[in-house]
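Sequences listed follow chains A and B, in order. When you read off a place in the first sequence, starting at 1, and then add 1, the result is the number in the numbering used here. When you read off a place in the second sequence, starting at 1, and then add 1, the result is the number in the numbering used here. The beta carbon of each residue, even a glycine, is placed where N, CA and C say it ideally should be. Accompanying notes for the structure given below.
There are 2 protein chains.
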Amino acid sequence: MRDFLPADKARRERVLAVIRERYRAHGFDEIETPVLEDYDRLHAGIGGDNEKLSFSILKRGMDADGIRAAADDPSALADLGLRYDLTVPLARFYATHRAQLPTVFRAIQIAPVWRAERPQKGRYRQFVQCDIDVIGDASPRAEAELMIASLDVLDALGLEGGSIRVNDRRALDAMLDVFGFIADERPGVLITIDKLDKIGVSGVVAELRERGATPAAVDACSAYLERPQGGGEAFGEAQIRAGLPDGIPDEIVEHLVDLGATVAAARGGRVPLVFDPFLVRGMGYYTGTIFELAHPSVDYSLGGGGRYDGMIGRFLGQQVAAVGFSIGFERLVDLLPETAADCAGSVVLVHDRDVPLAQLLALKTHLVANGVRVRIEQRAKNMKALLERSAADGYTAFATVGTETTAETLELKPLA
Amino acid sequence: MRDFLPADKARRERVLAVIRERYRAHGFDEIETPVLEDYDRLHAGIGGDNEKLSFSILKRGMDADGIRAAADDPSALADLGLRYDLTVPLARFYATHRAQLPTVFRAIQIAPVWRAERPQKGRYRQFVQCDIDVIGDASPRAEAELMIASLDVLDALGLEGGSIRVNDRRALDAMLDVFGFIADERPGVLITIDKLDKIGVSGVVAELRERGATPAAVDACSAYLERPQGGGEAFGEAQIRAGLPDGIPDEIVEHLVDLGATVAAARGGRVPLVFDPFLVRGMGYYTGTIFELAHPSVDYSLGGGGRYDGMIGRFLGQQVAAVGFSIGFERLVDLLPETAADCAGSVVLVHDRDVPLAQLLALKTHLVANGVRVRIEQRAKNMKALLERSAADGYTAFATVGTETTAETLELKPLA
């Protein structure tokens, strides 16, 4: 968990404002849920590994007997927890407020989440997720709206050239079926396949054998992984069919093909989608399309998401189609060049010690009323250092103030 | 703790943007600290009653023996907690990052805090505070900058006419000294005096006698409370001196007088300060000026603050002047009229069922690129209800989309 000093905080707020504005322009509506959710809801088995990483809130007013009784079941000590993602709270929100929401609800959530990860470079225990979700639309239009809005956010931040790797969990399941993996071994097989980028085909095949997966299925999978591949940079029907073994149900392929055509029509020219039949994504709750956002300047994903048509039903007792796209805010911010845009038209007033407070504040108020950002500093022995620090903090001009200075005689000089 | 639906969330974000922008214009710099602070820091005795209301985070990986051992000391179960205010984290932040901050540091913090209050109307367990603080300036300029910026925020939100009740903890102490209350009974006496607005002079005097406070001191206090009072609506030297019994040190009076003159010069015309020698404010850490923000439209305070010159020294081992002003965000938002400003230039595209997704998304993208906010809805049997809900959600126009509709032939109609 980190502190943010003024320059970093200004940068973060600037980026958040762009994201919020673009998402809103695409017809998404922002909502907010409390940071704390019920312990039981956070541990209902839908959060996957994140459930284990969740921070729990100690019950208030526990007495000695209550604490002793909880010795063998620490969960009895907690009644609330910090959310570890924005999807579980959204499902709870939608189930609660459905009557007040449009038939197709397009939600924005921009908010921090917490995970008790081991501290390591680039991983934080508190981090901001920027999620958009479409609830109540089972068609590929929902995915297309999410993808177009997310790519537009990258464009608006000056990160043109983003692309999205796409797969479908049902295609993946069907593929494992075609290869001959039995149901019980599939979760483990998916964990191994998910490492394809890191350990390569031979690594995956070796690990599948180590796992003791059905040998004939491993052979089929291995042969398929080693097949000659066409260029991966396309998302037409031909490319999608070529990326999958025979025997994948048509409706899955059609969903993907429709999605590609829709995004292509909206974005014009180059289709920014790449079909990746071995994309897995960790979360157990995905039920259809899954995707990851990439940018040529980095080798990690900037975000991702997928369909989770089953989850809201858990809260509502009625199946509701849902698909979401989450951008990892810190990764995005780290990627952006620093700019000095924050402090255009900002002035440091450097005053002599004997200037009356009333005169000084009247000058400041006059400038603020004219749209200028103002910082007051007392004249220092080392004026050079004072002015350099002011420039580093983003101030663009300064003026010296003596006892005779008025708004009319104030003389602004640029800060180098 | 509450969910915020789209209309409320949009309103909150709009108000936050105004507050942030005005504070920045006045030369304050926004920072951010993590939501979780060390348990020990949150329970170091500086948070007053709020310490008891703090939510604690259960240590991860506690085993049965560890839990049993904590039976008589529940604090051993927790290592972190949710912050209950923004002042304790700011003091920790300043002590950590001082070398990178300007000599006089003007901080903005706009962020949620948590208190395990009993649920009651108008009290929330998660709420947003908007704090500005000036660290490193012992002069009344610091208070003046806070007050001017805070009144400017009210003005910018259309809440002109705000005023600030002001007192000084040192004046209060000196007054109790003059009356003859002994040191041990003063904390209790202050708690009673703090109820003056609610229970009146006779109630305060009765409660002081019940407390068993020094009878002669109660008599002196009673006589003083019942003295004939001048108009409270002024903040000149004469009014301040008239508000205090004889024997208050001159430097305290001068600090207040300087403050009044400075705010008056900056705001012009009416001085928006009111001297209230019986203003107490609960927090034990205040060491000088204290103040509360009022507005004629409500009988509760919208915020307040004061000097806490001792607190940062607790973390830094070196005395640093500090003063802060906190606006209670939810109270402010509740006060503002609703506006439809959020959705100017926003269009609902109502499409026939057979319109291809690609055509629909291309139309949406065209409008978004032209600065229009767009929501897509499928034509419903009850079109009247659909259009009414869209208008209620802030959309200002709609267009019907058939299979032949293009960007050129799209016809926008106003939503009533």
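What does the alpha-carbon distance come out to for the pair residue i and residue j?
{"i": "residue 224 of chain B", "j": "residue 98 of chain A", "result": "58 Å"}
{"i": "residue 325 of chain A", "j": "residue 133 of chain B", "result": "37 Å"}
{"i": "residue 257 of chain B", "j": "residue 313 of chain B", "result": "23 Å"}
{"i": "residue 43 of chain B", "j": "residue 78 of chain A", "result": "20 Å"}
{"i": "residue 418 of chain B", "j": "residue 136 of chain B", "result": "In this structure chain B extends from 2 to 417, so residue 418 of chain B is not present and cannot be described."}
{"i": "residue 342 of chain A", "j": "residue 19 of chain A", "result": "Model confidence at residue 342 of chain A stands at a pLDDT of 49, short of 50, so the residue's coordinates are unreliable; what they give is reported in the following sentence. About 13 Å."}
{"i": "residue 237 of chain B", "j": "residue 261 of chain B", "result": "7 Å"}
{"i": "residue 410 of chain B", "j": "residue 35 of chain A", "result": "44 Å"}
{"i": "residue 300 of chain B", "j": "residue 332 of chain B", "result": "11 Å"}
{"i": "residue 370 of chain B", "j": "residue 305 of chain B", "result": "44 Å"}
{"i": "residue 120 of chain A", "j": "residue 60 of chain B", "result": "16 Å"}
{"i": "residue 402 of chain B", "j": "residue 384 of chain B", "result": "14 Å"}
{"i": "residue 69 of chain B", "j": "residue 58 of chain A", "result": "18 Å"}
{"i": "residue 404 of chain A", "j": "residue 356 of chain A", "result": "5 Å"}
{"i": "residue 110 of chain A", "j": "residue 96 of chain A", "result": "16 Å"}
{"i": "residue 41 of chain B", "j": "residue 64 of chain A", "result": "20 Å"}
{"i": "residue 6 of chain A", "j": "residue 62 of chain B", "result": "32 Å"}
{"i": "residue 182 of chain A", "j": "residue 222 of chain A", "result": "9 Å"}
{"i": "residue 127 of chain A", "j": "residue 235 of chain B", "result": "48 Å"}
{"i": "residue 358 of chain B", "j": "residue 105 of chain A", "result": "15 Å"}
{"i": "residue 373 of chain A", "j": "residue 160 of chain A", "result": "30 Å"}
By the DSSP assignment, the beta strand (DSSP E) with residue i in it spans what residues?
{"i": "residue 109 of chain A", "result": "106-115"}
{"i": "residue 326 of chain B", "result": "323-329"}
{"i": "residue 82 of chain B", "result": "79-83"}
{"i": "residue 398 of chain A", "result": "398-402"}
{"i": "residue 381 of chain A", "result": "Careful: residue 381 of chain A lies outside any beta strand (DSSP E) and carries neither H nor E."}
{"i": "residue 11 of chain A", "result": "Unbroken run through residue 11 of chain A is the alpha helix (DSSP H), 7-26; no beta strand (DSSP E)."}
{"i": "residue 223 of chain A", "result": "From DSSP, residue 223 of chain A is part of no beta strand (DSSP E) but of the alpha helix (DSSP H) over 216-226."}
{"i": "residue 305 of chain B", "result": "304-308"}
{"i": "residue 292 of chain B", "result": "290-295"}
{"i": "residue 352 of chain B", "result": "347-352"}
{"i": "residue 29 of chain B", "result": "Taken as a continuous stretch (DSSP letters only), residue 29 of chain B belongs to no beta strand (DSSP E), as it is neither H nor E."}
Going by C-alpha distance, which of the options is nearest residue i?
{"i": "residue 392 of chain B", "options": "B:170, B:381, B:363 and B:348", "result": "B:348"}
{"i": "residue 86 of chain A", "options": "A:73, A:297 and A:113", "result": "A:113"}
{"i": "residue 302 of chain B", "options": "B:308, B:320, B:311 and B:336", "result": "B:336"}
{"i": "residue 310 of chain B", "options": "B:162, B:33, B:127 and B:88", "result": "B:88"}
{"i": "residue 76 of chain B", "options": "B:45, B:104, B:94 and B:165", "result": "B:45"}
{"i": "residue 296 of chain A", "options": "A:33, A:58, A:264 and A:155", "result": "A:155"}
{"i": "residue 23 of chain B", "options": "A:368, A:408 and A:414", "result": "A:368"}
{"i": "residue 414 of chain A", "options": "A:361, A:120, A:397 and A:83", "result": "A:397"}
{"i": "residue 29 of chain B", "options": "A:298, A:162, A:378 and A:210", "result": "A:378"}
{"i": "residue 93 of chain B", "options": "B:63, B:32, B:266 and B:145", "result": "B:32"}
{"i": "residue 139 of chain A", "options": "A:320, A:363 and A:293", "result": "A:320"}
{"i": "residue 226 of chain B", "options": "B:356, B:21, B:200 and B:292", "result": "B:200"}
{"i": "residue 217 of chain A", "options": "A:255, A:364, A:254 and A:177", "result": "A:177"}
{"i": "residue 107 of chain A", "options": "A:240, A:81, A:153 and A:147", "result": "A:147"}
{"i": "residue 123 of chain B", "options": "B:330, B:352, B:25 and B:417", "result": "B:330"}
{"i": "residue 288 of chain A", "options": "A:267, A:168 and A:127", "result": "A:168"}
{"i": "residue 285 of chain A", "options": "A:82, A:2, A:376 and A:189", "result": "A:189"}
{"i": "residue 152 of chain B", "options": "B:38, B:271, B:362 and B:294", "result": "B:294"}
Under DSSP, the alpha helix (DSSP H) around residue i begins and ends at which residues?
{"i": "residue 182 of chain B", "result": "Run containing residue 182 of chain B: none; DSSP gives neither H nor E here."}
{"i": "residue 208 of chain B", "result": "197-211"}
{"i": "residue 364 of chain A", "result": "358-370"}
{"i": "residue 166 of chain A", "result": "Unbroken run through residue 166 of chain A is the beta strand (DSSP E), 164-169; no alpha helix (DSSP H)."}
{"i": "residue 68 of chain B", "result": "65-70"}
{"i": "residue 455 of chain B", "result": "Given a span of 2 to 417 for chain B in the structure shown, any question on residue 455 of chain B remains unanswerable."}
In chain order, what residues of the region 143-166 of chain B put their CB closer than 9 Å to some CB of chain E? Of the protein chains in the structure, A and B, none is chain E.
What are the residues of the region 64-90 of chain B that lie near chain A, defined by any Cβ-Cβ distance shorter than 7 Å? 65, 68, 69, 71, 72, 73, 75, 78 and 79
Take every Cβ of the region 184-195 of chain A, pair it with every Cβ of the region 265-282 of chain A, and state whether three or more of those distances are shorter than 8 Å. yes
Please confirm if the region 159-177 of chain B is in contact with the region 204-214 of chain B, defined as three or more CB-CB distances below 8 Å between the two stretches. no
Positions along the region 22-38 of chain B whose CB lies within less than 7 Å of some CB in chain A: 25, 26, 27, 28, 30, 31, 32, 33, 34, 35, 36 and 37
Could you say if the region 50-70 of chain A and the region 107-124 of chain A meet the contact criterion of at least three C-beta pairs nearer than 8 Å? yes
Examine the Cβ distances between the region 243-254 of chain A and the region 4-19 of chain A and report whether three or more of them are shorter than 8 Å. Contact between the region 243-254 of chain A and the region 4-19 of chain A is absent, with fewer than three C-beta pairs closer than 8 Å.
Near-chain A residues of the region 275-309 of chain B (beta-carbon distance less than 8 Å), N- to C-terminal order: If the cut-off is 8 Å between Cβ atoms, the region 275-309 of chain B has nothing near chain A.
Using a Cβ-Cβ cutoff of 7 Å, what residues of the region 129-140 of chain B are near chain A? List them in chain order. 140
What residues from the region 90-103 of chain A come within 9 Å of chain B, judged by C-beta to C-beta, listed N to C? Considering only beta carbons, the part of the region 90-103 of chain A lying closer than 9 Å to chain B consists of 90, 93, 94, 97, 98, 101, 102 and 103, in chain order.
Beta carbons nearer than 8 Å to chain B: which residues of the region 35-61 of chain A have them? 35, 36, 37, 56, 57, 58, 59 and 61
Below 9 Å between beta carbons is the criterion; list the residues of the region 351-363 of chain B that meet it against any residue of chain A, in chain order. 357, 358, 359, 360, 361, 362 and 363
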